[in-house]
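Asks: For the sequence shown, position 390 (counting from the first letter as 1) is numbered 421 according to this note's numbering, and the numbering increases by one without interruption.
Each residue gets a CB set at the ideal place from its N, CA and C atoms; glycine is no exception.
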Amino acid sequence: MSPIAGPLLARAQRSLGHRLTALLRPLSLLAASLVLAGCLTTYDRPLNAGRAEGLATVARSLSDVGLQRLTADMDPAMLALARRHDPAPRKDYWGRVPGWETYDLATLPTLGFGTAFDMAAREINAFKPFADLPINPMEPFILRASRQDQAQALRCLSQAIYYEAAREPREGQRAVAQVVLNRVRHPAYPNSVCGVVFQGSARSTGCQFSFTCDGSLTWAPEPGLWRQVEAVAREALEGFVETGVGSATHYHADYVAPYWAPTLVKMTKVGAHIFYRWTGPMGEPPAFTSRYVGGEENLSVAILGGVDARTQGLFNAGQALAPGRKVTLALAGEVRTYEVAEPGSGEAGTRLAGVLQPTRRQPTPEEVRQINERLAQVEAELNGADPDVGLPPIAP
Numbered sequence: 032m033s034p035i036a037g038p039l040l041a042r043a044q045r046s047l048g049h050r051l052t053a054l055l056r057p058l059s060l061l062a063a064s065l066v067l068a069g070c071l072t073t074y075d076r077p078l079n080a081g082r083a084e085g086l087a088t089v090a091r092s093l094s095d096v097g098l099q100r101l102t103a104d105m106d107p108a109m110l111a112l113a114r115r116h117d118p119a120p121r122k123d124y125w126g127r128v129p130g131w132e133t134y135d136l137a138t139l140p141t142l143g144f145g146t147a148f149d150m151a152a153r154e155i156n157a158f159k160p161f162a163d164l165p166i167n168p169m170e171p172f173i174l175r176a177s178r179q180d181q182a183q184a185l186r187c188l189s190q191a192i193y194y195e196a197a198r199e200p201r202e203g204q205r206a207v208a209q210v211v212l213n214r215v216r217h218p219a220y221p222n223s224v225c226g227v228v229f230q231g232s233a234r235s236t237g238c239q240f241s242f243t244c245d246g247s248l249t250w251a252p253e254p255g256l257w258r259q260v261e262a263v264a265r266e267a268l269e270g271f272v273e274t275g276v277g278s279a280t281h282y283h284a285d286y287v288a289p290y291w292a293p294t295l296v297k298m299t300k301v302g303a304h305i306f307y308r309w310t311g312p313m314g315e316p317p318a319f320t321s322r323y324v325g326g327e328e329n330l331s332v333a334i335l336g337g338v339d340a341r342t343q344g345l346f347n348a349g350q351a352l353a354p355g356r357k358v359t360l361a362l363a364g365e366v367r368t369y370e371v372a373e374p375g376s377g378e379a380g381t382r383l384a385g386v387l388q389p390t391r392r393q394p395t396p397e398e399v400r401q402i403n404e405r406l407a408q409v410e411a412e413l414n415g416a417d418p419d420v421g422l423p424p425i426a427p
């Protein structure tokens, strides 16, 4: 090849390359545009989209799982300090109202009494241990009454066992029956089975057995379970004693934490129920001195609207108003000591300052007869007849 031909050939090749490049550049741009047009679609992201991912990127291990890893190795003191300064809101399992830890003399304090349920209640119930006290068994309760009262008492006690513990083990059903019969013999409660079961049932709140005021009685019992609880009720009325609960007068399910529970002696747990008795001597068997009075169908307004004298603050466990003793009461900040008059004494019929009058007792059949005879004499005198004619003598 001649010296002139070499440079000419190289120049021609470069010129051809430039032309091809200039030709292919628009084609490549066109192809890229077509590809992008094919991939293009409408995509809208909502407001604050990606916020959670962004926070997770910044916070990294400060998620719930991450915080659990950080607190796993903390001792109790360090963990309590960390929780105290944790800004996240936490549930107060004691049901305390906001601001309970402060004391403001300008306003009355609100204690926030209430009842906790479910997991919160179970934690509260586990917090208070059972009392390290003996559980003393009660004497047998044998119902001696008319057939009508026996049938009614059996029905009321069966209802209490069914609606309170139908699916509890046999021991739990017997424990509920024992509580009812314990109340029958306690001075603070009605002296009949139905009176105890339906005490407070006319109130919107405060019924002693919740099934009597929450609508449970509208549901017909299952025949098989009813026969079972009726057998438990019958043996309880015939003298069976559930020694495991002793003199218990209160109980509640373990998934409930009522406000009154800390004020009583926590005795034992049977099935799903926790049982309690009164504090002090009024919770021991010798204090259960009331006698069964019958009249199961005579549920007075006082019974249906009554409240638990112990848990609702109307009865002082240390001052049972027995006749022939003194009691000290505080009224409007003034403390006074009173005497309790004997029912049969003369002062019981006369109002005296500083003397408490006992509750009226029911007249005996003989007293009723004498009252009727005196009324007949008065009626005869008003009609102009001789009051001594045709009337038997009245005993002095």
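If the criterion is Cβ atoms closer than 7 Å, does the pair Q181 and I192 meet it?
Replies: Not closer than 7 Å, so no.
Asks: What three-state label does DSSP hand I166 in the structure shown?
Replies: The answer is coil: DSSP assigns I166 none of H, G, I, E or B.
Asks: Determine whether the beta carbon atoms of A162 and A288 lie at a separation below 7 Å.
Replies: For A162 and A288, no; Cβs fall outside 7 Å.
Asks: Give me the DSSP bridge partner(s) of E269.
Replies: Paired residues: I173.
Asks: Quick one: what does DSSP say R405 is sitting in, helix, strand or coil?
Replies: Three-state DSSP puts R405 in a helix.
Asks: Taking M313 as the reference, give the member of V296, G325, N329 with the closest Cα.
Replies: Residue V296 is the option with its Cα nearest to M313.
Asks: Sort out for me which residues DSSP pairs R308 with in a bridge.
Replies: Note: R308 sits in a beta bridge opposite V296.
Asks: Should L174 be labelled buried (16 or more other beta-carbon atoms within 10 Å of its own) or exposed?
Replies: So L174 ends up on the buried side.
Asks: When the Cβ atoms of the region 279-293 are set against those of the region 209-220, are three or more pairs found closer than 8 Å?
Replies: Yes: the two stretches touch, three or more of their Cβ pairs being nearer than 8 Å.
Asks: Report yes if the C-beta distance between Y430 and S235 is below 7 Å; otherwise report no.
Replies: Past the edges of the chain, shown from 32 to 427, lies residue 430, and the structure says nothing about it.
Asks: Ordered along the chain, which non-local residues of its own chain (more than five positions away) have a Cβ less than 8 Å from that of G302?
Replies: If we look at G302 and ignore the five residues flanking it on each side, its Cβ neighbours are A196, E199, P200, E202, G203, A206.
Asks: Please report the distance separating the alpha-carbon of Q179 from that of E410.
Replies: Using only the alpha carbons, I get a separation of about 36 Å.
Asks: Of the residues Y286, D339, E404, W291, which one's Cα is nearest the Cα of M150?
Replies: Of the candidates Y286, D339, E404, W291, the one whose C-alpha sits nearest the C-alpha of M150 is Y286.
Asks: Would you list the residues sitting across from H281 in a DSSP beta bridge?
Replies: Looking at the DSSP assignment, H281 forms a beta bridge with Y307.
Asks: Less than 6 Å between C-beta atoms, sequence neighbours within five positions excluded: which residues of the same chain meet that for T299?
Replies: Answer for T299: F306, listed in chain order.
Asks: Out of R114, F319, E328, state which residue places its alpha-carbon closest to the alpha-carbon of P218.
Replies: Ranking the options by Cα distance to P218, first place goes to F319.
Asks: Below 8 Å on the Cβ atoms is my contact criterion, and I expect F229 with L335 to pass it. Report the Cβ-Cβ distance as a whole number of Å.
Replies: Rounded, the Cβ-Cβ distance is 6 Å, consistent with contact.
Asks: Grab the span of the alpha helix (DSSP H) containing Y194 for me, first residue to last.
Replies: Taken as a continuous stretch (DSSP letters only), the alpha helix (DSSP H) holding Y194 covers 178-196.
Asks: Kindly identify the DSSP beta-bridge partner or partners of A288.
Replies: BP columns for A288 point to A147.
Asks: Can you tell me which of the three DSSP states V301 falls into?
Replies: Note: V301 maps to strand in three-state DSSP.
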